[in-house]
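Structure first, then comments.
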Amino acid sequence: MHDLTSLHQSSPTTVSNIIGTVVAVQANFYQVCLDQPLIHFDNSPIPYLLCTRRTRLKKIGQQIMVGDRVMVEEPDYQDARGAIAQVLPRKTQLSRPPVANAEQMLLVFALDEPLLEPWQLSRFLVKAESTEIPFLLCLNKADLLTPTQQKTWQERLEKWGYNPLFISVRTFQGLEELKNGLKDKITILAGPSGVGKSSLINSLIPAVEQRVNKVSGKLQKGRHTTRHVELFELPQGGLLADTPGFNKPNLDSSPSQVIHYFPEARQQLGKGNCQFSNCLHRGEPNCIIDENWERYEHYLTFLEEAIAQQEATQQMADQESTVKVKMNASGQEYYEPKLETKKYRRTSRRQKHQNLQDLYDNQSLEELEEFEDDLDF
Ligand code: GDP
Ligand code: ZN
240 MHDLTSLHQS SPTTVSNIIG TVVAVQANFY QVCLDQPLIH FDNSPIPYLL CTRRTRLKKI
300 GQQIMVGDRV MVEEPDYQDA RGAIAQVLPR KTQLSRPPVA NAEQMLLVFA LDEPLLEPWQ
360 LSRFLVKAES TEIPFLLCLN KADLLTPTQQ KTWQERLEKW GYNPLFISVR TFQGLEELKN
420 GLKDKITILA GPSGVGKSSL INSLIPAVEQ RVNKVSGKLQ KGRHTTRHVE LFELPQGGLL
480 ADTPGFNKPN LDSSPSQVIH YFPEARQQLG KGNCQFSNCL HRGEPNCIID ENWERYEHYL
540 TFLEEAIAQQ EATQQMADQE STVKVKMNAS GQEYYEPKLE TKKYRRTSRR QKHQNLQDLY
600 DNQSLEELEE FEDDLDF
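Quick note, our numbering runs 239 ahead of the 1-based positions in the sequence shown.
If you want it as structure tokens, here you go:
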């Protein structure tokens with residue numbers, strides 16, 4: 240009976256159908272962009288609510304990330320505040336950057352200034368492939384190259400299996416096409432610094448000064464001390480996640496997976512089988528992968544890295560698992576060899592998604608929550 244009473248007390252008295260998307264998170268506060276603006280008594284629309292999360296969600300450890308679809312209760316029309324009562328099921332989830340429901344990535348590189356470097360580009364592409372989140376590849380600063388130079392890159396990247404979009408934030412080249420690709424989707428923007436990501440955001444979202452995190456003084460506070468992800472609303476529909484702190488990505492896939500991250504090699508794999516089922520495609524007899532493709536050298540380098548990584552992981556696992564401490568009848572400790580060895584698990588899809596976190600040097604949500612000060616409105 241007691242349980243029933245408390246349940247009743249904590250339940251909302253009216254059923255909430257206020258749904259929105261979390262577009263910014265700072266400590267304990269969530270900026271929610273409502274699917275349908277609320278209407279204030281003076282008829283002005285309220286498109287955003289600054290929300291806390293219900294204690295119940297906190298108790299069950301329910302994290303809230305940008306991109307989350309949430310149900311809001313008890314809106315305060317005067318102050319545009321509310322409380323998140325429920326998080327709707329996520330379609331995808333990345334832990335670093337912490338973004339829910341991301342549907343694609345936008346990889347941005349510059350053709351020049353800084354000069355496009357094939358190895359660096361390849362590294363990002365391979366890492367992006369390993370996340371299994373679809374991505375668009377954009378090459379910015381096309382204005383710095385002649386049409387012939389652009390064509391050379393186009394042909395080269397086609398051989399890699401990609402069809403990049405050549406854009407220029409400066410001359411607006413390709414921006415309409417890019418906008419179409421971003422429409423109504425949650426996209427994660429990524430790329431090295433200096434390639435024009437901020438300029439691109441400013442160009443895609445002319446009203447960028449209306450950035451959601453500026454709506455509130457509370458969210459603004461700490462913006463420069465705490466790295467966080469924020470979602471920008473695109474005028475034509477869709478959200479763009481800006482992710483500060485882009486790192487050189489590392490690859491932590493199993494060696495046999497690496498070949499699948501090269502579209503030009505995947506295409507060769509589709510034509511049959513290598514003689515050895517565990518073939519790593521580096522000159523084994525009757526290997527189906529020929530060596531005459533530009534990024535073959537890249538492949539070998541990534542493969543070496545993955546092998547080294549696997550060996551290091553295996554070594555650690557072996558150290559952990561070959562002996563275990565036991566206690567004899569007189570209470571003395573002794574070491575007994577373990578018979579079973581740890582099996583190598585294939586990377587799950589979820590893990591792959593999480594691997595994207597290596598691309599970023601972002602603070603985790605848990606770290607952010609340390610900033611919680613439990614301020615009440
Ligand atoms: P971010 O570090 O990726 O955010 O790059 P920024 O947006 O700060 O841009 C870096 C520099 O590139 C700035 O000086 C921009 O003016 C310049 N830039 C951005 N887009 C273009 C472009 O399309 N063409 C040229 N020539 N310069 C650009
Ligand atoms: Zn092979």
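Where is the CB? At the ideal position from N, CA and C, for every residue including glycine.
For E469, DSSP records a beta bridge to A263 and D481. The DSSP-derived three-state label of T426 is strand. Under the 10 Å beta carbon count, R395 is surrounded by fewer than 16 other beta carbons and is classified as exposed. V434 and P474 have their C-alpha atoms spaced approximately 23 Å apart.
For C377, the distance from the CB to the nearest heavy atom of the ligand ZN is not below 7 Å.
In this structure P494 touches L519 by the C-beta definition: roughly 6 Å separates them, less than 8 Å. Distances from the CA of L439 to each of P284, C513, C290 and C377 were compared; the closest alpha carbon is that of C377. Taking 8 Å as the cut-off, the beta carbon of I299 is found no closer than this to the beta carbon of V264. Along the length of the stretch 389 to 421, whole alpha helix (DSSP H) runs at least 4 residues long occupy 414 to 421, reported in chain order. A Cβ closer than 6 Å to some heavy atom of the ligand ZN marks a residue here, and those residues are C513, C518, H520, E523, C526, I527 and I528.
If you ignore the 5 residues before and after Y500, its C-beta comes within less than 7 Å of the C-beta of V365, E368 and S369, all in its own chain and listed in chain order. Distances between the C-beta of K436 and the heavy atoms of the ligand GDP include at least one below 7 Å. Just so you know, the alpha carbons of T426 and F471 end up roughly 10 Å apart.
Between the beta-carbon of I527 and that of G511 there is about 5 Å, and that keeps the pair under the 8 Å contact cut. A Cβ-Cβ contact shorter than 8 Å links V309 with V271. Rounded to the nearest angstrom, the Cβ distance from V311 to A319 is 11 Å, too far for a contact under 8 Å.
In this structure, V338 sits away from Q301, with a CB-CB distance that is not shorter than 8 Å. Secondary structure of M310 (DSSP, three-state): strand. Check the Cα spacing between L478 and each of L350, S407 and Q343: the tightest is with Q343.
When DSSP assignments are scanned along the stretch 349 to 377, the uninterrupted stretches of alpha helix (DSSP H) that are 4 or more residues long and fall wholly within it turn out to be 357 to 370.
In the DSSP assignment, Q506 falls within the alpha helix (DSSP H) that extends over P502 to L508. Restricting attention to beta strand (DSSP E) runs no shorter than 3 residues, the stretch 312 to 345 encloses them at 320 to 326, ordered along the chain. DSSP lists A322 as the beta-bridge partner residues of T291. Annotation for L273: the continuous beta strand (DSSP E) segment containing it runs F268 to I278. K390 counts as exposed, since fewer than 16 other C-beta atoms from the protein chains shown sit within 10 angstroms of its C-beta.
One alpha carbon belongs to I285, the other to N402, and they sit about 41 Å apart. The C-beta distance from E469 to V305 rounds to 7 Å, short enough to fall under 8 Å.
Nearest C-alpha to Q506 among S432, Q514 and E397: E397. In this structure, P431 is the residue among Q549, M555 and P431 with its C-alpha nearest to the C-alpha of E356.
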